[in-house]
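Residue numbers (this note's numbering): 74 to 400.
Built from N, CA and C at the ideal position, the CB exists for glycine as well.
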Ligand code: NAP
Ligand code: G4F
């Protein structure tokens, strides 16, 4: 039985990945921070078989302890401050958790492995946000990175540190440059879930409008359940490497709005949508579209959920949740 340690197990990807690994017969350990984390109950209900280990990416000795307890074959480092807008207001904290946290985990693995580089395989959750002011369309593994947010800068640090540990110590350390991926488990602060939730509530008469920022930004949105499969496949390769994971299609925020509102029978949706300056960012990533041919060829990975299916899945899920508020 293989053993895996997941940081960020209480997040969207951690939840999908934990179920994927359990379905493959892994013994799964999940790192949870804080003394009374409200998400603990959520992950316990979602995947009761996950063994919880307390720890924090800011606390190196807690990471070493988590490794000693879990004795993993594979570590998936998904833990991060992941909300881009928040990263301008909390730039140092974001740099420490999302950037230095990667170094803390890599160093803990190096010490735990006692320089046996083959002992633990490592996955780093890198991000298409690193492409920022994109220097090439579509973006691929070799595209110059030009981050546009403190979050993006922190992810670049973690990305290069992962490559550095691979090259310096021969560690099996892979970095997945994942483009935006969503699901009904997406945090409500991200634009897709913010919209699916509001659309459900508007359809049910629970609210009348939604305030958003830039509706013209374009993202390459996929389904989180597909993307965690790519993470696992990366760690099953003989050689560690870096891979772009994306659908290869891009859509503006207003296209997401159009499909979501149309799905609940509202065609004149503009009257429900307001733009509020507080949701515009100091620097925007205008366009993301990924070229995932390397992942498709080497990992045999491909997305299974279309953009329309993704939007409708999220709206349907929020309709079910919000109906409970009507009862
Ligand atoms: P998410 O839902 O925001 O989850 C983030 C996780 O990190 C949560 O479990 C959170 O724990 C944990 N965390 C925060 N601070 C921590 C700390 N100091 N120590 C340990 N854990 C900490 O993010 P996600 O969407 O699942 O994304 C997973 C990873 O992929 C993140 O690194 C993200 O930056 C990256 N990524 C995401 C996407 C995407 O589109 N979803 C795309 C590219 C890359 P709490 O529950 O306690 O807050
Ligand atoms: O949903 P978002 O907040 O996601 P963003 O910034 O693309 O970041 C997500 O994807 C990254 C991968 O590229 C991850 F690394 C990161 O952790 C996170 O998961 O915003 C998407 C777009 C942006 O252009 C934003 O300006 O939607 C635009 N937007 C417009 N109105 C809004 C809003 N975003 C949010 N969150 N809230 C709004 O009201």
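>> Which of the three DSSP states is assigned to residue 359 in this structure?
In response: For this step, residue 359 is matched to residue 286 along the chain shown. In this structure, residue 359 counts as coil in the three-state DSSP scheme.
> What separation, rounded to the nearest whole angstrom, lies between the Cα atoms of residue 265 and residue 296?
Replying inline: Reading the chain shown from its first residue, position 192 is the one you call residue 265. Reading the chain shown from its first residue, position 223 is the one you call residue 296. If I take the Cα positions, the gap works out to 11 Å.
>> If I follow the unbroken alpha helix (DSSP H) through residue 124, where does it start and stop?
In response: By 1-based counting over the chain shown, the position of residue 124 is 51. Segment 124 to 127 is the beta strand (DSSP E) holding residue 124; no alpha helix (DSSP H) there.
>> Using a 10 Å radius around the Cβ and a threshold of 16 neighbouring Cβ atoms, would you call residue 98 buried or exposed?
In response: Within the chain shown, the letter at position 25 stands for residue 98. Residue 98 should be labelled exposed.
> Going by DSSP, which residues form a beta bridge with residue 283?
Replying inline: Here residue 283 refers to the residue found at position 210 when the chain shown is read from its first residue. Partner(s): 346.
> Is the Cβ-Cβ distance between residue 357 and residue 270 less than 8 Å?
Replying inline: Residue 357 sits at position 284 when you count from the first residue of the chain shown. Residue 270 sits at position 197 when you count from the first residue of the chain shown. Contact: no.
> At which residues does the alpha helix (DSSP H) containing residue 224 begin and terminate?
Replying inline: One-based indexing of the chain shown puts residue 224 at position 151. From DSSP, the alpha helix (DSSP H) with residue 224 extends over 223 to 242.
> Are residue 234 and residue 179 touching if we call contact CB-CB under 8 Å?
Replying inline: Residue numbering aside, residue 234 sits at position 161 when the chain shown is read from its first letter. Residue numbering aside, residue 179 sits at position 106 when the chain shown is read from its first letter. Between residue 234 and residue 179, the C-beta gap is smaller than 8 Å, which places the two residues in contact.
> Does the pairing of the stretch 168 to 179 with the stretch 209 to 216 give three or more beta-carbon distances under 8 Å?
Replying inline: Not touching, per the Cβ criterion.
> Closest by CA to residue 157, which one among 355, 378 and 364?
Replying inline: Numbered from 1 along the chain shown, position 84 holds the residue referred to as residue 157. The residue with the shortest Cα to Cα distance from residue 157 is 355.
> Using a Cβ-Cβ cut-off of 6 Å (strictly less than) and excluding sequence neighbours within five positions of residue 142, which residues of its own chain qualify?
Replying inline: Along the chain shown, read from residue 1 onward, the residue named residue 142 stands at position 69. Around residue 142: 126.
> The beta strand (DSSP E) with residue 195 in it runs from where to where?
Replying inline: On the chain shown, position 122 is the one that residue 195 refers to. Element bounds for residue 195: 194 to 200.
> So which of 148, 83, 155 and 160 has the shortest CA-CA distance to residue 117?
Replying inline: Position 44 of the chain shown, counted from the first residue, corresponds to residue 117. Considering only alpha carbons, the answer is 83.
> Which runs of the alpha helix (DSSP H) fall wholly inside the stretch 254 to 308 and span at least 4 residues, in chain order?
Replying inline: 264 to 276 and 297 to 308
>> Is the beta carbon of residue 154 closer than 8 Å to that of residue 166?
In response: Here residue 166 refers to the residue found at position 93 when the chain shown is read from its first residue. Here residue 154 refers to the residue found at position 81 when the chain shown is read from its first residue. Result yes, Cβ atoms of residue 166 and residue 154 sit closer than 8 Å.
> Any heavy atom of the ligand NAP within a distance shorter than 7 Å of the CB on residue 182?
Replying inline: Along the chain shown, one-based indexing puts residue 182 at 109. Outside the cutoff, so no.
> Beta carbon of residue 106: closer than 7 Å to some heavy atom of the ligand NAP?
Replying inline: Looking up residue 106 in the chain shown gives position 33. At least one heavy atom of the ligand NAP is nearer than 7 Å to the Cβ of residue 106, so yes.
>> Counting C-beta neighbours from all protein chains within 10 Å, is the total for residue 351 16 or more, i.e. buried, or is it exposed?
In response: The count along the chain shown starts at 1 and reaches residue 351 at position 278. Counting C-beta atoms within 10 angstroms of its own C-beta, residue 351 has fewer than 16 neighbours from the protein chains shown and is therefore classed as exposed.
>> What would DSSP say about residue 174, mapped onto helix, strand or coil?
In response: For the purposes of this step, residue 174 is taken as the residue at position 101 of the chain shown. Three-state DSSP puts residue 174 in a helix.
> So what does residue 102 bridge to, in DSSP terms?
Replying inline: The residue you call residue 102 lines up with position 29 of the chain shown. According to DSSP, which records beta bridges pairwise, residue 102 is partnered with 78 and 124.
> Given that a residue counts as buried once 16 or more other Cβ atoms are within 10 Å of its Cβ, and exposed if not, what is residue 396?
Replying inline: Taking the chain shown and counting its residues from 1, one reaches residue 396 at position 323. That one is exposed.
> Buried or exposed: where does residue 210 fall if 16 or more other Cβ atoms within 10 Å of its Cβ makes it buried?
Replying inline: Sequence index remark: in the chain shown, residue 210 carries index 137 (1-based). Looking at its Cβ environment, which holds fewer than 16 other Cβ atoms inside 10 Å, residue 210 is exposed.
>> Buried or exposed for residue 249, going by 16 or more other Cβ atoms inside 10 Å?
In response: In the chain shown, residue 249 corresponds to position 176, counting from 1. Buried: at least 16 other Cβ atoms inside 10 Å.
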